[in-house]
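Trainee: Line order of the protein sequences matches chains A and B. According to numbering that gives the first Met the number 0, the first sequence holds residues 0 to 328 in order. According to numbering that gives the first Met the number 0, the second sequence holds residues 0 to 282 in order. My structure is below; once you've seen it, I'll send some questions.
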Amino acid sequence: MASAQLNEGSWHLLMLLDQAPGLHALSDALSDLVEAGHPIVVGTADLKYSNGLVRFQETHPDRFVQFGISEQNMISAAAGMAAAGLQPYIATFASFMALLGCEQVRTDVAYTGLPVRLIGHHTGITLGFYGTSHHATEDLAIMRSLAGLDVVAPADGLALGAAIRAYADHPGPVYFRIGRGRDPDVYSAGYVHERGGSVTHGRGGDLTILATGSMVHPSLEARELLDAQGVSAGVVDLHTVKPIDVEAIRRAADESPLLMTVEEHNVIGGLGGAVAEVLATDGSGVPLHRHGIRDEYSLIGPPTHLYRHYRLDGPGIAAEAAARLAQEG
Amino acid sequence: MTTTTPAPSPAEVERINERARFIRLETVRLISIAKTGHFASTFSCAELMAALYYGVLRLRHGEPDWPDRDRFLLGKGHVAVGLYPLLADWGFLDKDVLDEYTRLGNPLGDHPDMRKVPGVDFSSGSLGHNLSVGLGMAMATRYTGRDYRVFVLLGDGELHEGQNWEAALAAAHHRVGNLIAIVDRNHYCLDGEVDDVNGIGPLADKWRSFGWEALTIDGHDSAVVLSTLRELRDRRDDAAPAVVIAETVKGKGVSFMESEVGWHLGYLDSVDESRVLAELRGA
């Protein structure tokens with residue numbers, strides 16, 4: 000019987016990875032750190048093809064540790080490595096990092112203040128039809144409530160690389176929240192990550208959209224769609240959910256009569272919650288529309304279909320903004 | 000295991016017994032300040048901790064952060080009360096700090112905290128984490144070039160936590176020979192006998208099947224404890240990880256605490272405290 004000829008692109012994990020350039024940025028930034036002499040060790044829990052760290056393993060096999068499907072062990076072991084003077088970077092699906100490993104992150108990493116870097120990838124609903132077990136729409140809320148832990152959600156691969164480099168010498172722990180490495184480019188060469196900062200993409204006379212991570216690009220698309228309808232929308236990339244850029248939020252509240260947060264996350268406790276805390280503490284009268292997953296578990300579906308369904312693509316965000324503006328009158 | 004380490008002398012053994020008595024007496028003294036504490040769990044591992052701190056671990060007096068020190072992790076963090084006097088004795092913290100054990104703002108709580116207590120190599124309290132932490136510390140020597148061993152003292156009830164077995168798999172897989180676990184096999188957890196609550200036997204076979212070298216010893220025989228742990232300390236690094244299952248008696252040294260379920264955690268009134276001290280001093 001003749002063996003079937005399969006299209007390698009349909010199953011070969013390394014070839015699939017080529018569709019995720021944002022993950023190349025992860026491995027490349029980590030390789031740069033090794034070459035710059037940082038005492039880093041990179042670990043994963045049987046997901047080196049999913050997070051692209053196989054690319055790092057190929058260049059620096061001596062700095063790569065495969066923990067197998069044992070996320071809790073990986074997190075605590077990384078804390079032990081950090082206590083012994085290393086800078087461990089460990090990666091797994093955001094759902095497993097934040098939910099399965101929550102207590103290990105809290106007690107062994109955040110409380111100890113050790114320089115462990117947690118990389119939660121395929122966050123939000125980007126794993127589409129894998130379902131709720133693989134979705135992470137709670138990780139921002141969990142991670143930002145852990146004292147001592149920075150929470151960073153870069154908008155694209157370039158921003159991820161910049162954030163990793165910017166945090167190279169940070170003495171405490173960091174959670175990097177990233178997607179599946181397929182985010183369209185938002186930034187170009189020369190972009191610099193500023194801890195606790197943000198990036199303002201234009202001012203909005205009618206509203207300012209405050210977005211994080213994977214939602215920055217579609218928010219910029221929405222801005223163009225709104226502009227075509229005569230609506231003036233600014234966009235602020237709040238790439239750091241903790242410590243959040245309070246001044247940028249205040250500026251947006253001063254400039255716009257409406258603020259709208261956009262996140263691939265439950266509208267409770269994440270970016271929307273963080274911005275609401277700032278506005279309420281200030282006694283700001285500016286209304287805030289929190290857009291995201293509305294305290295529910297996502298449907299099954301291909302990622303792009305889910306983004307459309309939950310109005311988390313460009314047209315959806317624009318429609319959401321227009322509807323709220325209409326309500327505001 | 001090839002034996003290259005000389006057998007401990009009678010004087011060394013007597014020293015460990017004396018230090019174990021010191022741990023028990025200090026435990027009673029400190030818990031009398033807190034009013035409640037884990038007497039029995041501490042008493043079961045007194046010889047183990049005494050042997051480690053006075054005959055096994057490579058430490059430098061007054062230098063809790065010496066990079067090449069052997070690491071000691073207290074998986075069963077609730078016996079920190081027995082560890083603190085040893086850390087003070089090693090000059091890692093001021094002895095006066097002991098006198099305010101658990102009082103408002105004192106660094107010494109029921110569970111050891113590396114951010115607050117010099118000489119605590121890693122915090123604990125939530126059971127099941129520290130074998131993983133020890134694995135990471137032991138693997139770190141491959142990158143840092145440091146030469147140390149990592150000893151992790153686990154409770155037998157603690158082995159109910161699944162994370163231990165994740166760490167056990169990984170330590171054997173990565174051949175982390177500088178990692179040494181010690182199980183304080185005192186047979187009791189809070190709700191009763193460990194093997195009635197959730198059976199963990201056959202314990203040595205379990206560890207062996209995970210790829211560990213496993214030894215079972217009498218955890219109150221200081222000579223055996225000392226020689227076993229020393230031999231493991233002196234092994235070559237590329238061996239399999241090792242576990243010592245130390246058969247112990249919960250509450251060891253105090254007749255009414257020994258193997259009484261209720262004595263996992265307790266309080267002594269002044270009459271009982273006098274009885275306990277008399278028994279310990281006479282021991």
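Just so you know, even glycine gets a beta-carbon here, dropped at the ideal spot from N, CA and C.
1) Whose CA, out of A:LEU29, A:GLU102, A:ASP182, lies closest to the CA of GLY127 (chain B)?
2) Can you tell me whether PHE95 (chain A) is buried or exposed, with buried defined as 16 or more other CB within 10 angstroms of its CB?
3) Tell me which residue opens and which closes the beta strand (DSSP E) that LYS241 (chain A) is part of.
4) Could you check whether the region 145-153 of chain A touches the region 173-185 of chain A, counting it as contact only if at least three pairs of C-beta atoms, one from each stretch, sit closer than 8 Å?
5) From the beta carbon of GLY118 (chain B), is the nearest beta carbon of chain A less than 7 Å away?
6) Beta-carbon within less than 6 Å of PHE91 (chain B)'s beta-carbon, same chain only, minus the 5 sequence neighbours each way: which residues are those?
7) Could you check the C-alpha separation between TYR53 (chain B) and ASP204 (chain B) for me, to the nearest Å?
8) At 3 residues or longer, and completely inside the region 43-74 of chain A: list those beta strand (DSSP E) runs for me, N to C.
9) Here's the rule: buried if 16 or more other CB atoms are within 10 angstroms of the residue's CB, otherwise exposed. What is GLY282 (chain A)?
10) Give me the residue from B:ARG23, B:GLU46, B:VAL55 with the minimum Cα distance to ARG234 (chain B).
11) Would you verify that the beta carbon of ALA76 (chain A) is, or is not, closer than 7 Å to some beta carbon of chain B?
12) Note down, in chain order, each residue of its chain lying with its Cβ closer than 6 Å to the Cβ of ALA221 (chain A), except the 5 sequence neighbours on either side.
13) Touch check for the region 126-142 of chain B and the region 154-167 of chain B: three-plus C-beta pairs under 8 Å?
14) Quick one: give me the first and last residue of the alpha helix (DSSP H) that PHE92 (chain A) is part of.
15) Under the assumption that ALA213 (chain B) contacts ILE179 (chain B) (Cβ atoms under 8 Å), give the Cβ distance between them as a whole number of angstroms.
16) Just the C-alpha distance for ARG105 (chain A) and ASN72 (chain A), rounded to the nearest angstrom, thanks.
17) Enumerate in chain order the residues of its own chain whose CB-to-CB distance from GLY84 (chain A) is below 7 Å, with the five nearest sequence positions on each side excluded.
18) Taking the straight line between their C-alpha atoms, what separation do you get for MET113 (chain B) and SER8 (chain B)?
19) Among the residues of its own chain, which have a CB less than 7 Å from the CB of LEU47 (chain B), if the five just before and after it don't count?
20) Closest by CA to GLY233 (chain A), which one among A:PRO242, A:VAL240, A:LYS241, A:GLU223?
21) Is the beta carbon of ALA97 (chain A) closer than 7 Å to that of GLY119 (chain A)?
22) What does DSSP give as the partner residue(s) for PHE330 (chain A) in the beta ladder?
23) Compute the Euclidean distance between the alpha carbons of ILE141 (chain A) and TRP89 (chain B), then round it to the nearest angstrom.
24) Does THR106 (chain A) come within less than 7 Å of chain B when only Cβ atoms are used?
25) With distances taken from CA atoms, which of A:PRO217, A:VAL198, A:SER197, A:PRO183 is nearest GLU319 (chain A)?
26) Give the DSSP bridge partners of ILE316 (chain A), in chain order.
27) Can you confirm whether the region 22-36 of chain A touches the region 156-164 of chain A when touching is taken to mean that 3 or more C-beta pairs between the two stretches lie within less than 8 Å?
28) Mind checking if MET80 (chain A) is an interface residue toward chain B, Cβ cutoff 7 Å exclusive?
29) Quick check on TYR187 (chain B): does DSSP put it in helix, strand or coil?
30) For MET256 (chain B) and ALA79 (chain B), I'd like the C-alpha separation in whole angstroms.
31) Find the nearest neighbour of LEU279 (chain B) within the set B:VAL248, B:GLY252, B:SER208, judged by alpha-carbon distance.
32) Quick check: is the beta carbon of GLY84 (chain A) nearer than 7 Å to any beta carbon in chain B?
33) Between the alpha carbons of VAL132 (chain B) and TYR110 (chain A), how many angstroms are there, rounded?
34) Check whether chain B comes within 7 Å of SER132 (chain A), counting only Cβ atoms and requiring the distance to be less than that.
35) My parser needs the alpha helix (DSSP H) runs of 4 or more residues fully inside the region 135-187 of chain B; what are they?
36) So that I know if they touch, is there some Cβ in chain C lying closer than 7 Å to that of ASN50 (chain A)?
Mentor: The answer reads as follows:
1) It is A:GLU102.
2) PHE95 (chain A) is classed as buried because its beta carbon has at least 16 other beta carbons within 10 Å across all chains shown.
3) Element bounds for LYS241 (chain A): 239-241.
4) Touching, yes.
5) In terms of beta-carbon proximity, GLY118 (chain B) stays away from the interface with chain A, with every pair separated by 7 Å or more.
6) Cβ within range, chain order: PRO63, PRO117, GLY118.
7) TYR53 (chain B) and ASP204 (chain B) have their C-alpha atoms some 30 Å from each other.
8) If we require 3 residues or more, the beta strand (DSSP E) runs fully inside the region 43-74 of chain A come out as 63-65.
9) Exposed is the call here.
10) The shortest C-alpha to C-alpha distance from ARG234 (chain B) to any of B:ARG23, B:GLU46, B:VAL55 is the one to B:VAL55.
11) By this cut-off, ALA76 (chain A) is an interface position.
12) Beyond the five residues adjoining it in sequence on each side, ALA221 (chain A) comes within less than 6 Å, by CB distance, of GLY313, ILE316, ALA317 in the same chain, given in chain order.
13) Yes: at least three Cβ pairs fall under 8 Å.
14) No alpha helix (DSSP H) contains PHE92 (chain A), which is instead part of the beta strand (DSSP E) from 86-92.
15) Incorrect: roughly 11 Å between the Cβ atoms, too far for contact.
16) If I take the Cα positions, the gap works out to 14 Å.
17) In chain order, PRO38 place their CB closer than 7 Å to the CB of GLY84 (chain A), counting only its own chain and leaving out the 5 sequence neighbours on each side.
18) If I take the Cα positions, the gap works out to 34 Å.
19) The beta carbon of LEU47 (chain B) lies closer than 7 Å to those of LEU152, ILE181, ASP183, GLY218, VAL224, ALA245 in the same chain, with the five residues before and after it left out.
20) Of the candidates A:PRO242, A:VAL240, A:LYS241, A:GLU223, the one whose C-alpha sits nearest the C-alpha of GLY233 (chain A) is A:GLU223.
21) Result yes, Cβ atoms of GLY119 (chain A) and ALA97 (chain A) sit closer than 7 Å.
22) One cannot answer for residue 330 (chain A) here, as it falls past the ends of chain A, which runs 0 to 328.
23) Straight through space, the alpha carbons of TRP89 (chain B) and ILE141 (chain A) are spaced by roughly 40 Å.
24) True, the Cβ-Cβ gap to chain B drops below 7 Å.
25) If we check each option's Cα against that of GLU319 (chain A), A:PRO217 comes out closest.
26) In the DSSP output, where bridge partners are listed per residue, ILE316 (chain A) has none listed.
27) Judged by Cβ distances under 8 Å, the region 156-164 of chain A makes contact with the region 22-36 of chain A, as three or more pairs qualify.
28) The Cβ of MET80 (chain A) sits closer than 7 Å to at least one Cβ of chain B.
29) Here TYR187 (chain B) sits in strand by DSSP.
30) The straight-line gap from Cα to Cα measures roughly 19 Å.
31) Comparing alpha carbon positions, the residue from B:VAL248, B:GLY252, B:SER208 closest to LEU279 (chain B) is B:GLY252.
32) So yes, GLY84 (chain A) belongs to the interface.
33) A direct Cα-Cα distance of roughly 14 Å separates VAL132 (chain B) from TYR110 (chain A).
34) So no, SER132 (chain A) is outside the interface.
35) Complete alpha helix (DSSP H) runs here, min 4: 162-172.
36) Here the protein chains are A and B, and chain C is not one of them.
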